Amino acid sequence: MTRCEVPFPETSTVDVVESRLMAEHQENGCLHADSLHLDFSRTEFVDLPALLHVISLLVQRRRTRRETTMALPIGKRPRDFLQIWNFGQAVKDATDGSLDEVFSPEDVACLSEDINNAVIRYSVNWKYDGSLQRLLSSRFFSLLSFFANRSPGRNRVASDESERWQHELIRAVLDRHLGRPDNYVGSRIVYEACTNALRHPGATVVQTASSFLIFGKSASARSTGYLTIVFWDDGVSMIDTLRGAIDAGKSVQALRVPALYADYRFSVHEYSGSMLHESPMRSDYVPTRDTPDDLLLLSTTFPGITRDALGEDWQPNPSLQTSNPELNAPGMGLFVLVNTAVDIFSGRVTIRTKGLRLTISRDVEHQETRYAAKVTKYNPNSPSFLGNLVTIRLPIRLDRA
Amino acid sequence: MGSVDRLREDRELSCRVLADLITHAPSTYPNLRLLLRDFQTKAEGLPAGAVSPFIPSILSRLLSKEDSRFVDLLTRGRPRLGGETRNRPKFDVAVISVINEELLASKIVFGVPLDKDEDYNIGGYRYWRTLLTRKGGKTLDIVLTMAGERNVQCAIACERLFTNFNLGCCFLVGIAGGHKKYVKLGDVIAS
Amino acid sequence: MSAQRVYVFPFRFGLSASELLAGEYLQSHLAAASLVSAGPCDLLQESVETIAVDNATMRTRPEVVYNEFFARLRSLTTRPDIVVVDLMQGFPIARGVPLIHLAHAIDTACNEENAPKYILAVDALPPEADPVSKILNDRIASGSVVVLSKDGGVRSATELGSVQAYKLKLMAFSLSPAERLELKLVRSLGHFKRKSSAGEHYRCCRHFYDARFCIDELTQLLKSFVREKFGTGRQPVIIYDAPISQWFVDFILTYGQRTGGTVLRYDAFLRAARRHEGEPVLLVLPMVQSGRRLAQVLSVLDPRTTNSSVTILTILTDRADRPQEKTRRLVNAGRPWDIHYFLQVRAQPYQPENCRLCQLGIPESFPAKTDGPLMLRTIDFWDIVDEAGWKLEENVPEYRNPLGAVPDFPVIVEKNGPWLATKIQSLLDLLPGGYPQDPVIVCPREKGSLVLGELLKGFLQKVTVITVPRSVINMARERQLDLSDFDRDRQDWFVQLSTLTCDDVIIIDEFNASGETRVGLMRLLQLFEKRVLSYLSIVDWNPKQSGVSGAICYSLYDFQGYEVSV
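So the protein sequences, as listed, match chains X, V and U.
My numbering puts the first residue of the first sequence at 30, with every later residue one more than the last.
My numbering puts the first residue of the second sequence at 215, with every later residue one more than the last.
My numbering puts the first residue of the third sequence at 2, with every later residue one more than the last.
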C-alpha cells in the first residue's frame, strides 16, 4: 500500500494547492497513492476555490476507493474560517461519507462546533461593517450543497439560490461595495452558474460558497478586494458534454447573435507557464469534431453554443425574460455569466475542468480585443480534475460611498 | 398556467382517435359510455364539419346488436309524474329522431350528457334541451326527442312537440337508405 | 389507532455468518408491516442480526431453523404485534426442508396466546402445491399470516392497501441495480419513427425507453459487467453509439468520468483505432431491436478491430435468445455475434404500412422533445387503460353515483409510473413560481392515491407524502371543523400536517369525479393554514367543475365522464 503526504504552506490559494499537488505527483505519484494525507496544519489562509478543489479530490479518490485524510490548520483564524464556511458539512455532503474517515477526532470536533464564537473572532480583526457581519453570522457565504441527480426541482434550486442573492441585506452590501446593478449578481451570475452546474450529466452534488476578501491586514474605507463566488459540481466535464453532442452529429449552435459577438485574445499555456500559442478568436466560432479541448472549453462561453441546441432541457431565466429577452435563449447562460462578471463588474471568470483551466477577463493590454482568454493545460499524466469548478471574482471597494 | 394548446393535443385528432376506438371496441368493452363521453367532450366547440365525418362510424358501431342494450340504457330516461309544461318553452330548433341509436347520435353531436335524464317528460314523450353556440357567439336553443318507428306514432310525437313547445323550426334527422348509385354511406341528405 | 409494534426476523440460508442490518433494510420491512396493518407501525429494533443457517446445517439438521425461530421469538422483551420473517435473499434457495420447518414454526407460534401477526417476506410466492403453502394456508385464511413477495405477489385473507405502493417503496431499498433499473425505466408512449442513416422511415415504435433516472444503476451494472467479462486486469476501451438517446450519452460519459476508463463514440474510436490496437473493445448501445443499426456499426467497426476482441452490450433489447444468460444472437455478414443485455423490454414495433398511428394521422413523437402536449394524448391514455385493465370502482363515496367500470389506476401507475411522474413534473413546472423545491403532497389514504404518492416519492425526490383517511376528508367536507375536533395524539396525519414547516401543499388523487374530495381536503388544509398550490389527478372526469373550483387543477387526462343525474 502506497502512502503519500503533501504539506501545504501558510498561504494556500488554489494555485498554490494545485502546484503543490502537481509537484508532489510528478515526484512520487501521490495522487495515485493508496493513501494520501493533505497536511494543512501550517496554513493560515486558504481560499474557497482551493477548498472546493480539495473536496473534488476527496470525492475522486473516494470513488476509486483510495483513502484520503486531511489535517486542518492549527491556527485559530483558518479554523474559524472553515467552521463558519461549513467545510465539514460540505465534505460530508460531497463524499457521502463520515468526517471520521477524513479528519482526526480533534478536527471533527472543531468542524462540528457552534459557530457563534468563530464569527465574532473572525470578523473582529477585519472590521466588517454590521451588514457583512450579519451575513457572516447567518452563514450566508458558507458552503451550500444541492443534490442534482436530475431532480425535477433543480430549476427551482437555481431560482431560489438566485433569489437568496437578491434579498435586501445582501443587495445593500453589493450596492455599497460593487456599485453596479446590485441584482445582477443574483439574477445573472448566480442563476446561470447554478443552472449550468445542475445540468451537467452525472452531477450528484453542486456546491457553492462566496467570500469577501479584503486586501491588507485591516479594513479601511479605501480598502479593495474581491467578492469571490464559486460553484462546483461533480458531473461530467463541460468539455466532454459539448464534445458528446458534436460527436453525435448534433448542432451545438442554438442561435446566431451577431450583435453579441466579440473578439478574444486566446492563448494556451503549459502548466509550467510557457505559452504554446496565442491567436485572435471571435465568439461567432462554432466548434466541430476537430476543435481541440482548449478551444472547445472557451467556446462553451460563446453566445448560442450549447449541447442542448433544441432547448429540451432549458428553462428561461425569469429576470431576463422582461429585461433582456435577447439573452434569454438556450446557449446563452454562460455567455450571460461571463458578460456580467467581466464587462459589467470588471471581474474575471475561471473554469477548472478535466485537464484545463480557463480564465476570462477584460483584455486591458490590447485595444482591438475585448477579452483575454487564457487556457492552462495541466500535465496529462496527472489525474483529471473531477467535475467543473467555476470561480467568479468581482473587484470591490470596502466603501464606495 | 400554460395555454390549452400546450396541455392538450389537437381536439380534432382526439376525435379521430376516439371514433376509431369506439368503432373497433369489442362488444365486451367494459365501459363504452366513457369513450363516447370522451368523444363528446373533445367534439364540443369544434365546427360541425370537423365532427360529422366521425359520426357514421360511431353510429354503425352503436347499431350493432351487441350494443342495443347499452344504447337502450342511455336513451331510456326516467319517467316522472307530472311534467306538463304550462308556458310552452321556446326553442329555436327541434331535432326528432326515430330510433334509439339516432337519438344517441344526436345527443353525442349536440353535447347532451349521455345518461342525463330528460328535461321534460310530457305524456311519456321525453325531451332533452341543449345549447349550440354558433359562429359569432350566438346560441341556438335546441330540443331533442325521439318519435318512434311507425308513421302514426311519429305523427303523434310531432303533434305533441308542436303543441308543447314554441319552435323556430324542426328537423327529422336519422339514418336513411338510398340507391347506392346516387348515395354512399356517410352522405348527408337534406330534403 | 396506536402504532403496531414490529419486529423483523431475517433468515439467511446458505450463509455461515450473521450480519447486522439497519436503516433502509428495516424501513423496507416497516413498509410491509404498514401495508398489512393499514395503519401506523413502529419498529422495535434499531438494528437486527441476521439468522444465518449454513449449507451443512440446512442439509443435515434443518430442524435447527425451527429452534432458531423460537429462540429469537423468546428473546424479545417486548411483545410485537407484527413479526416480519424475511426470506428475501435476492437469490433462489431450494424450497426444501428448512423452509418447511420454518413454516411449521410459524404455524405453531400462531397457536400461542396473543400471537402476533406474521408476515412472510419472500422473493417469489411459493406455489399452492408447495408444502410451505399447504402448512400455512389455514393461517393465511384466518388472517394470522400474510405472504408478500418482492414482485408484488400477495397471499392474504383480506385485501391489502396497496401492494403496488409497497413495491414502489421496495424500489428505494431494493438491493439489485437491475431491479431498480426495471422499476425506474421511463417507458414513454408515442409515435416514434425509426429512420435509417439515409433518412428512410423503416419502422414505427409505440414506446421509447429513457433511463435518465437510472444513471447510478447503469453505472453499477456496467462496472459489474466489465469486472465479470474482463476481470480486473486490462480494461476495455468502451465505444458507444447513441443516435437519439441523450440519457445514454449522459450515462456513458458519467461512467467514463467515474471510472477513469476510456470512453469513445464509435466513429471517434475509428479515427483513433490504431492507438487502441490490440486492446479489448466493449461496444455499448442503448437498445437493440432488429439489429439493423448495430449491423451498420459492425460493418464499419469489424474490419478495423481485427486485432481486438469486440464484446457487445446493449442496455435494452426487445428479444432474447438465451434469457438465462441474458444474451441474444445477431448474424452479420455471416458472422454470429452474441449481444449481452441488461434488460428485456416490450417494444411494439410496426411496419409503417401497418402502423395504426400512421393511419390515424398521429404526428411523430420525438424523445425528450417538449413541444408535445403536456397531458396524455388520447391514444396513449386509452392504450394504457387497455393494458392495465378495468375494475369496478371501489370505495364509492356515498355522496355521488358510482362510475361503474373504471380503469385500474394502481396498475396503470405500476406499469407507467416513471413516465407519468415525468408528465406530472412537467405540469407542476407550470405552477406560479415553478416546481416547488421541497414538495409536500397530501392525498386520500386509498389504494390508488397511495400508489401515486409512492411513485412521486420515488421519482420526484425530497417529496413528503401525507395521507389522510377518507373519514376525515368526509368530515371536513360535510361540516365546519375545528382543530379540537381531532384526537391529536393518535392521528399520524394530524401530527404531520401540524408540524409541516412549509405552507404550500399539492393535493394528489387518482381521479376527480364530483370534486368533493378536493373540497374536503382543501377545507381540512385551511384549518392548518396551508395553501393548496394545485390539485392533481391522473384523470379528471369533471373538468368543467374543476375549472371553477378555485384551485389550480391539473390532470394527465380529462373529459366530462362524470355526470350528475338530474
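For each residue, glycine too, the CB sits at the ideal point set by N, CA and C.
Here the structure is a predicted model, which means the values were calculated and not measured.
Q. Which value, in whole angstroms, describes the spacing of the CA atoms of residue 369 (chain X) and residue 314 (chain X)?
A. For residue 369 (chain X) and residue 314 (chain X), the distance between alpha carbons rounds to 21 Å.
Note to self: If you reduce the DSSP assignment to three classes, tell me which class residue 111 (chain U) lands in.
What the structure shows: In the structure shown, residue 111 (chain U) sits in coil (DSSP, three-state: anything other than H, G, I, E or B).
Original post:
When the cut-off is 8 Å and only beta carbons count, does residue 252 (chain V) lie next to chain U?
Top reply: Any Cβ of chain U closer than 8 Å to the Cβ of residue 252 (chain V) would place that residue at the interface, and such an atom is present.
| How would you list, in chain order, the residues of chain U whose beta-carbon sits under 8 Å from the beta-carbon of residue 276 (chain X)? | What residue 276 (chain X) touches in chain U: 266, 268, 269.
Would a C-beta distance cut-off of 8 Å place residue 407 (chain X) and residue 376 (chain X) closer than the cut-off?
In this structure, residue 376 (chain X) does not lie closer than 8 Å to residue 407 (chain X) by Cβ.
task: Between the Cα of residue 326 (chain V) and those of V:309, V:339, V:313, V:337, spot the shortest distance and give me the residue it belongs to.
output: The option with the nearest alpha carbon to residue 326 (chain V) is V:309.
- prompt: Hey, is residue 383 (chain U)'s beta-carbon within less than 8 Å of any beta-carbon in chain V?
  reply: Output row for residue 383 (chain U): interface = yes.
>> What does the alpha-carbon distance come out to for the pair residue 193 (chain X) and residue 255 (chain X)?
In response: If you take the alpha carbons of residue 193 (chain X) and residue 255 (chain X), they lie about 20 Å apart.
Report task. Leaving aside the five residues before and after residue 1 (chain U) along the sequence, list all residues of the same chain whose C-beta is less than 7 Å from its C-beta, in chain order. Result -> Lying before the first or after the last residue shown, residue 1 (chain U) is absent from chain U, which here runs from 2 to 567.
When the distance is taken between beta carbons, is residue 324 (chain U) closer than 8 Å to residue 345 (chain U)?
-> For residue 345 (chain U) and residue 324 (chain U), yes; Cβs fall inside 8 Å.
**Study point:** Closer than 9 Å at the beta carbon, the chain U residues around residue 58 (chain X)
**Key:** Going along chain U, no residue has its Cβ under 9 Å from residue 58 (chain X), so there is no contact; the nearest lies around 15 Å.
**Asked** What are the boundary residues of the beta strand (DSSP E) that includes residue 342 (chain V)?
**Response** Annotation: the continuous beta strand (DSSP E) that includes residue 342 (chain V) extends over 339–347.
**Request:** Go to residue 112 (chain X), then tell me how far its alpha helix (DSSP H) extends in each direction, as first and last residue.
**Result:** DSSP places residue 112 (chain X) in the uninterrupted alpha helix (DSSP H) bounded by 105–113.
* To do: Give every residue of the same chain whose Cβ lies closer than 7 Å to the Cβ of residue 220 (chain V), excluding the five residues on either side of it in the sequence, and list them in chain order.
  => Residues of the same chain with their beta carbon placed closer than 7 Å to that of residue 220 (chain V) are lacking, with the five preceding and five following residues left out of the count.
* **Validate contact between the stretch 225–232 of chain V and the stretch 272–280 of chain X using beta carbons, cut 8 Å, 3 pairs** => Flag = no, the stretch 225–232 of chain V and the stretch 272–280 of chain X do not touch.
### Message
Excluding the 5 residues flanking residue 237 (chain V) on each side, which residues of the same chain have their C-beta closer than 8 Å to its C-beta?
### Response
The answer, listed in chain order, is 271, 272, 274, 275.
Q. Under 8 Å between C-beta atoms, does residue 537 (chain U) make it to chain X?
A. No - not a single Cβ of chain X is within 8 Å of the one on residue 537 (chain U).
Where residue 250 (chain U) meets chain X, residues with beta-carbon distance less than 7 Å
Residues of chain X whose Cβ lies closer than 7 Å to the Cβ of residue 250 (chain U) are, in chain order, 273, 277.
Practice item. Step through the CB atoms of chain X and report whether any lies within less than 8 Å of the CB of residue 295 (chain U). Key: Chain X contact via Cβ: absent.
Requested in this report: Name, in chain order, the residues that DSSP records as bridge partners for residue 159 (chain X).
Outcome: In the DSSP output, where bridge partners are listed per residue, residue 159 (chain X) has none listed.
(Q) Distance cutoff 8 Å, beta carbons only. Does residue 33 (chain U) sit that close to anything in chain V? (A) It does not: the Cβ of residue 33 (chain U) has no partner Cβ on chain V nearer than 8 Å.
Rounded C-alpha distance that separates residue 578 (chain U) from residue 389 (chain U): Nothing can be reported for residue 578 (chain U): it is not among the residues displayed for chain U, which extend from 2 to 567.
**Asked** By DSSP, does residue 158 (chain U) sit in helix, in strand, or in coil?
**Response** Taken through DSSP and simplified to helix, strand or coil, residue 158 (chain U) comes out as coil.
Identity of the residue in U:209, U:251, U:185, U:278 nearest residue 290 (chain U) by Cα: Closest by C-alpha distance to residue 290 (chain U), out of U:209, U:251, U:185, U:278, is U:209.
Using a C-beta to C-beta distance shorter than 8 Å, which residues of chain X count as neighbours of residue 254 (chain U)? Counting only Cβ-Cβ distances below 8 Å, residue 254 (chain U) has contacts in chain X at 230, 231, 265, 269, 270, 273, in chain order.
Counting only the same chain and skipping the five closest in sequence on each side, list residues whose C-beta sits under 8 Å from that of residue 268 (chain X). For residue 268 (chain X), the CB contacts under 8 Å within the same chain, skipping 5 residues up- and downstream, are 322, 325, 326, 329, 382, 383, 385 in chain order.
DSSP three-state assignment for residue 311 (chain V), whether helix, strand or coil
Here residue 311 (chain V) sits in strand by DSSP.
- Can you name the residues that DSSP bridges to residue 206 (chain X)? Residue pairing of residue 206 (chain X) in beta bridges, as defined by DSSP: absent, with no partner found.
task = Check whether the Cβ atoms of residue 416 (chain X) and residue 264 (chain X) sit closer than 8 Å, and answer yes or no.
result = Against a cut-off of 8 Å, the Cβ pair of residue 264 (chain X) and residue 416 (chain X) comes out as a contact.
Burial state of residue 206 (chain X) (16 or more Cβ within 10 Å):
Label assigned to residue 206 (chain X): buried.
### Task
Please confirm if the stretch 155–169 of chain X is in contact with the stretch 329–346 of chain X, defined as three or more CB-CB distances below 8 Å between the two stretches.
Taking 8 Å as the limit for Cβ pairs, the verdict is that the stretch 329–346 of chain X does not touch the stretch 155–169 of chain X.
Does the CB of residue 552 (chain U) have a neighbour CB from chain V at under 8 Å? No, residue 552 (chain U) lies away from the interface with chain V (no Cβ there is under 8 Å from its Cβ).
8 Å is my cut-off, CB to CB: does residue 435 (chain U) come that close to chain X?
So, interface residue.
Practice prompt. Taking residue 328 (chain X) as part of the alpha helix (DSSP H), name the residues at either end of that continuous run.
Written response: Segment 322–328, the alpha helix (DSSP H) holding residue 328 (chain X).
Quiz item: Where does residue 312 (chain X) land, buried or exposed, given buried means 16+ other C-beta within 10 angstroms?
Solution: With 16 or more Cβ atoms within 10 Å of its Cβ, residue 312 (chain X) is classed as buried.
Starting from residue 34 (chain X), trace the beta strand (DSSP E) in both directions and tell me its first and last residue.
For residue 34 (chain X), the enclosing beta strand (DSSP E) stretches over residues 32–36.
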